[in-house]
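If you count the sequence shown from 1, position 622 lands on 630 in our numbering, and the numbers rise without skipping. C-beta atoms are modelled at their ideal positions from N, C-alpha and C, and glycine is treated no differently.
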Amino acid sequence: MNVGAARLVLRLIATQVVVLLVTCLVVVAFAPRLLLLDSTILRGTISGGLWAAALMSVFMVAVTWLLTRPLQPMLRLLALDSASIEPVELLTLYTLPARLAVLDVAGALVLSSLTLIDVFRPETNDLHTQTALVLLTMTMISAASLPLYVMMRGLVGRVLELAPPDATREAVQLLEGPGRRGRVQRVRMRLLAAVAGPVAFVALGSSLLVYAHARAQDMEVREEYARELVSGAFEMVSGDGSGRAEAIAQANGHGYQITLAPRPAPGGIVHDDDGFTVVTVPLDAGHARVRFETTHLSPVTGVYILLALVATALAGILGARIGAAFADDVALATREIRSTGIADIVRGTKIPKEARFASIATLMHAIDELGAVFREFASAQERAIEARAATERMRGLFLASMSHDLKSPLNSILGFAELVLRSPLSDPQRESLAIIEQRGRELLTLIQVILDSARAEAGELDVSPEWTMVGDVVMSAVLEARDLAVGSEVQVVGEIQPGVPKMYIDSGRVVQALTQVIVSAVRLLDKGVVNVRATAPSPQAKRLRVDVETQGRAIPQVELDKIFEAFKYADRARRHGSLGLGLSLARSILEIHGGTIGLEVMEGGGGGGAVFRIWLPTSGERLSLRSAPSLARLR
Numbered sequence: 009m010n011v012g013a014a015r016l017v018l019r020l021i022a023t024q025v026v027v028l029l030v031t032c033l034v035v036v037a038f039a040p041r042l043l044l045l046d047s048t049i050l051r052g053t054i055s056g057g058l059w060a061a062a063l064m065s066v067f068m069v070a071v072t073w074l075l076t077r078p079l080q081p082m083l084r085l086l087a088l089d090s091a092s093i094e095p096v097e098l099l100t101l102y103t104l105p106a107r108l109a110v111l112d113v114a115g116a117l118v119l120s121s122l123t124l125i126d127v128f129r130p131e132t133n134d135l136h137t138q139t140a141l142v143l144l145t146m147t148m149i150s151a152a153s154l155p156l157y158v159m160m161r162g163l164v165g166r167v168l169e170l171a172p173p174d175a176t177r178e179a180v181q182l183l184e185g186p187g188r189r190g191r192v193q194r195v196r197m198r199l200l201a202a203v204a205g206p207v208a209f210v211a212l213g214s215s216l217l218v219y220a221h222a223r224a225q226d227m228e229v230r231e232e233y234a235r236e237l238v239s240g241a242f243e244m245v246s247g248d249g250s251g252r253a254e255a256i257a258q259a260n261g262h263g264y265q266i267t268l269a270p271r272p273a274p275g276g277i278v279h280d281d282d283g284f285t286v287v288t289v290p291l292d293a294g295h296a297r298v299r300f301e302t303t304h305l306s307p308v309t310g311v312y313i314l315l316a317l318v319a320t321a322l323a324g325i326l327g328a329r330i331g332a333a334f335a336d337d338v339a340l341a342t343r344e345i346r347s348t349g350i351a352d353i354v355r356g357t358k359i360p361k362e363a364r365f366a367s368i369a370t371l372m373h374a375i376d377e378l379g380a381v382f383r384e385f386a387s388a389q390e391r392a393i394e395a396r397a398a399t400e401r402m403r404g405l406f407l408a409s410m411s412h413d414l415k416s417p418l419n420s421i422l423g424f425a426e427l428v429l430r431s432p433l434s435d436p437q438r439e440s441l442a443i444i445e446q447r448g449r450e451l452l453t454l455i456q457v458i459l460d461s462a463r464a465e466a467g468e469l470d471v472s473p474e475w476t477m478v479g480d481v482v483m484s485a486v487l488e489a490r491d492l493a494v495g496s497e498v499q500v501v502g503e504i505q506p507g508v509p510k511m512y513i514d515s516g517r518v519v520q521a522l523t524q525v526i527v528s529a530v531r532l533l534d535k536g537v538v539n540v541r542a543t544a545p546s547p548q549a550k551r552l553r554v555d556v557e558t559q560g561r562a563i564p565q566v567e568l569d570k571i572f573e574a575f576k577y578a579d580r581a582r583r584h585g586s587l588g589l590g591l592s593l594a595r596s597i598l599e600i601h602g603g604t605i606g607l608e609v610m611e612g613g614g615g616g617g618a619v620f621r622i623w624l625p626t627s628g629e630r631l632s633l634r635s636a637p638s639l640a641r642l643r
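Below, the structure written as structure tokens:
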């Protein structure tokens, strides 16, 4: 079992949670320095951040489980190295890291945005401070999503390597879609995002940093100015408070709303959600409260924001140009691969120009090296074909020469045996000569089968067609098969239905084919009956059917599939006789006449059986006067 596929879901969840925790630690560590937060705000932010991190972890676990739940059966099959994989499921697994990364960023954005609401915002943070924290957090999370995607892609990629090649090929075809233009556009957009995305994150972070420092410095200056204003203008001198009204009016004109109270109060600073700061300043007689706008930024901040936008735009242009160049290289490699045929692979791939990207150049050179491997394979294949052809020629020459060399002395033996039988002999002598004659005829038939099989394989088996009664052909084959089956306990019975028409065939060759089929059927039985039945065709039918039926022995499926090529299997050749060439020769002869032959298993009592079903056309239009070279496939 492959552990990577079995534990993919757990590893994806663990990767997301670890990246989230590291991001949260980075935010906590750098937020005080980047945003110039005081200790009070930091304590409230940490407590709220812990709850947000916990909720985000639960969200990641739930989303990952929901997205991978339909893929669980496929992951189990991949873990067990099964080949039963659906291409659509592979495509879904391929897109899983991107979907998880997008959903993680979206979930963090929603959860962070909720902290801007009064109910969820820490009491120590005003709306502006919390907004800055949210922007900083989203910048960190967006930047962390890139390595998170890469890590998840690595985990999923190792699992995808376990998929069977056929399913992977179909999944790639589904991913590519019907149009090449769309695929190239996707490549450009991905590179644009890869280049412009990090620059945009850095620009956003820099702008946020400038804004935070400018805002903090402005707040500090304005708070100190408020204290000095109250201490210098509103402290009574010897109990005299004249001029306060004029001073308050002048301060209001400069954006400082001053309220005096006779009761004493401790000093402090409060930032409200409306963007104002309230500074409480103790006085000798009571206290004063100064309310002013929190932030009053200089135009320098706008310059930094403009520079960030310009940097992002330049990065987008650069990413688009790089994406276009990379897409052109991918299109070049794709065009070269698809335009390369077998002849090009054998001759060698020609790369018209070098790719601009190292990865594409490496791919194209790898294609050329793969072509070298194919060339070696093609050369070995060609040598193997030539060796096989030479072997087949030698085998045909050997069979033909051997059959001729054996046929001449055998004819002499049979001739002298017939002459001796005409002389006065005793019964034992006559019986011995009958056995010699019987075995000699069997051997002569075997030699003739070998010779004709060699001719059929070479496409040189001649036929001489003429109009012949089918009944004469069938009964001649039955009688010849009976002679060859002398001494066995199998009976051969012929049956010709009325109305069987004449056929334009080579009667000698068809008798030879039917005899070989009947003899093969006899050898399938130890004892019993072989029925040979010629069935008259219907008026609409254009083929005549001849059945050679055996009863009493069931034929295993493994023999049924290979019985017409038994000569290729030594363990079956002996069972079927004639080196197993008889049925192969019969099929060749029947195909020359435009016919076919098949074997069907019969179910029923007596142990079952089989029937050789022969079909011959009732007209000679499809008859070939010489065996076609395509019959060489029967070898």
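For residue i: DSSP bridge partner residues
i      : result
Leu533 : Paired residues: none, contrary to the question.
Asp555 : Arg541 and Arg621
Arg7   : Because the chain spans 9 through 643 in this model, residue 7 falls outside it and cannot be assessed.
Pro498 : Reading off the sequence, residue 498 comes out as Val, not Pro. According to DSSP, which records beta bridges pairwise, Val498 is partnered with Gly536.
Glu608 : Val619
Glu503 : Arg541
Met511 : Thr476
C-alpha gap between residue i and residue j, whole angstroms
i      : j      : result
Asn133 : Ala269 : 27 Å
Val167 : Leu144 : 35 Å
Ala255 : Val289 : 16 Å
Arg438 : Gly603 : 43 Å
Val278 : His295 : 15 Å
Gly536 : Arg401 : 40 Å
Pro105 : Val164 : 8 Å
Ser153 : Met159 : 10 Å
Met82  : Phe128 : 42 Å
Val554 : Glu488 : 17 Å
Ser528 : Asp480 : 21 Å
Val298 : Glu232 : 11 Å
Arg503 : Ala175 : The identity of residue 503 in the sequence shown is Glu, whereas the question assumes Arg. Cα-Cα distance, rounded: 55 Å.
Phe424 : Arg430 : 10 Å
Asp645 : Thr399 : Outside the displayed span of the chain (9 to 643) sits residue 645, for which this structure offers no information.
Val482 : Gln559 : 20 Å
Pro545 : Leu624 : 10 Å
Ala14  : Gly56  : 36 Å
Arg51  : Val36  : 10 Å
Nearest-angstrom beta carbon gap, residue j and residue i [assumed within contact, 8 Å]
i      : j      : result
Val500 : Gly590 : The Cβ separation is near 15 Å, so there is no contact.
Thr302 : Met227 : 6 Å
Ser592 : Phe620 : Not confirmed; about 13 Å, so no contact.
Leu422 : Gly448 : 5 Å
Ala493 : Val530 : 5 Å
Three-state secondary structure assigned by DSSP to residue i
i      : result
Lys550 : coil
Thr288 : strand
Leu587 : With a pLDDT of only 48 at Leu587, under the threshold of 50, the placement of this residue in the model should not be trusted, and no figure is reported.
Thr476 : strand
Asp470 : strand
Gly602 : coil
Ile6   : For the chain, the structure presents residues 9 to 643; residue 6 sits outside this window and is missing.
Val127 : coil
Gly251 : coil
Gly275 : coil
Ser484 : helix
Arg364 : coil
Pro105 : helix
Pro440 : Checking the sequence, you will find Ser at residue 440 rather than Pro. Note: Ser440 maps to helix in three-state DSSP.
With 16 other Cβ atoms within 10 Å as the buried cut-off, status of residue i
i      : result
Leu237 : buried
Ala1   : Missing from the structure shown is residue 1; the chain here goes from 9 to 643 and no further.
Ser520 : The sequence as given places Gln at residue 520; Ser does not occur at that position. That one is buried.
Thr370 : exposed
Ile49  : buried
Gly276 : exposed
Val27  : buried
His599 : Here residue 599 turns out to be Glu, not His, going by the sequence shown. Buried, by the Cβ-count rule.
Phe67  : buried
Phe300 : buried
Asp126 : exposed
Gln524 : buried
Val609 : exposed
Closer than 8 Å: residue i CB and nearest the ligand GTP heavy atom
i      : result
Asn419 : Of ligands this structure carries none, so the ligand GTP is not represented either.
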